[in-house]
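K.L.:
Numbering (the UniProt record's numbering) for the sequence shown: 1 to 203. Got a structure for you, written out below as structure tokens; questions coming shortly.
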Amino acid sequence: MVGMRERKKQRTRRALIEAALRLFAEKGYEETTLAEIAAEADVSTRTFFSYFASKEDVVFFDSNTRMERLLDRVTTRKSDEPLPALLLGIVRESVSQATEDEGLPLRDAPLRMHLIMNVPALQARALHLLFDSQLRLARALHDAYPDQLDAVEAAAAVGALTGAAKLAVMASIERGDPMERAMEAAVRAAEVALRGLDRLGDT
Numbered sequence: 001m002v003g004m005r006e007r008k009k010q011r012t013r014r015a016l017i018e019a020a021l022r023l024f025a026e027k028g029y030e031e032t033t034l035a036e037i038a039a040e041a042d043v044s045t046r047t048f049f050s051y052f053a054s055k056e057d058v059v060f061f062d063s064n065t066r067m068e069r070l071l072d073r074v075t076t077r078k079s080d081e082p083l084p085a086l087l088l089g090i091v092r093e094s095v096s097q098a099t100e101d102e103g104l105p106l107r108d109a110p111l112r113m114h115l116i117m118n119v120p121a122l123q124a125r126a127l128h129l130l131f132d133s134q135l136r137l138a139r140a141l142h143d144a145y146p147d148q149l150d151a152v153e154a155a156a157a158v159g160a161l162t163g164a165a166k167l168a169v170m171a172s173i174e175r176g177d178p179m180e181r182a183m184e185a186a187v188r189a190a191e192v193a194l195r196g197l198d199r200l201g202d203t
């Protein structure tokens, strides 16, 4: 059970995230200061630094948590779970994280994506996180199926699924779909990619 102190910390953290995104939308990312974010959330700048090291960290506030959950999905798989089922499960877990728990409300997801696509510093951070997360996931997948996948095949599977899902989400949003449809598009794209990987892991 979460105690009162922890609930207060969660509320403060969420307030900072929502204040930052609101100001980024109104003023622009570069034009918004840390002091303004703190004031908008009704806390001190010092308190801001208790939760985040920078504005970039606010935008990518859930990256580590998401990655750990995906890795856990791989390491805690059932011993007889087929590889395609696990791969699709990873995508579904990623989509679920975008709509549940500490994830942003779906209405805010396009804003965050817009920021990442248009702010150079955020583009660079997103690319670094993407490569790092894909490599970590590929290693975990290789460890989970050492007799079926070598390191290159595991990397290819992760890259194919991740690329298909992410690009499908972007295409769906670009044509004006609501985020619910964009999340569905990610799963459909992963299923398409899986059909191209259906021989992967055959012994």
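All C-beta atoms in this analysis are idealised placements derived from N, C-alpha and C, irrespective of residue type, glycine included. All values reported here derive from a predicted model rather than from experimental measurement.
Would you say residue 24 faces chain D, with C-beta separation under 9 Å as the test?
P.N.:
Protein chains in the displayed structure number just one, and chain D is not present.
K.L.:
Considering only their Cβ atoms, is the gap separating residue 135 from residue 29 smaller than 9 Å?
P.N.:
Taking 9 Å as the Cβ cut-off, residue 29 and residue 135 do not qualify as a contacting pair.
K.L.:
Given this structure, state the Cα-to-Cα distance separating residue 158 from residue 137, to the nearest angstrom.
P.N.:
Straight-line Cα distance between these residues: approximately 7 Å.
K.L.:
I'd like the list of long-range same chain contacts for residue 17, defined as Cβ closer than 7 Å, with 5 residues on each side in sequence excluded.
P.N.:
Taken in chain order, the residues that qualify are 58, 61.
K.L.:
Decide if residue 127 is buried, meaning its Cβ has at least 16 other Cβ atoms within 10 Å, or exposed.
P.N.:
Counting Cβ neighbours within 10 Å, residue 127 comes out exposed, since fewer than 16 surround it.
K.L.:
Please return the same chain residues whose Cβ sits closer than 7 Å to the Cβ of residue 92, not counting the five positions on each side in sequence.
P.N.:
Same-chain partners within the cutoff: 187.
K.L.:
Would you kindly check if the distance between the Cβ of residue 113 and the Cβ of residue 170 is under 9 Å?
P.N.:
Yes, they are a contact pair.
K.L.:
Helix or strand or just coil, what does DSSP make of residue 214?
P.N.:
Residue 214 lies beyond the range of the chain shown here (1 to 203); nothing can be said about it.
K.L.:
According to DSSP, is residue 166 helix, strand or coil?
P.N.:
Here residue 166 sits in helix by DSSP.
K.L.:
Could you tell me which uninterrupted beta strand (DSSP E) segments, each at least 3 residues in length, are contained entirely in the region 2-53, listed from first to last along the chain?
P.N.:
Qualifying beta strand (DSSP E) stretches: none in this window.
K.L.:
Straight-line CA distance for residue 140 to residue 74?
P.N.:
Distance between the alpha carbons of residue 140 and residue 74: 7 Å.
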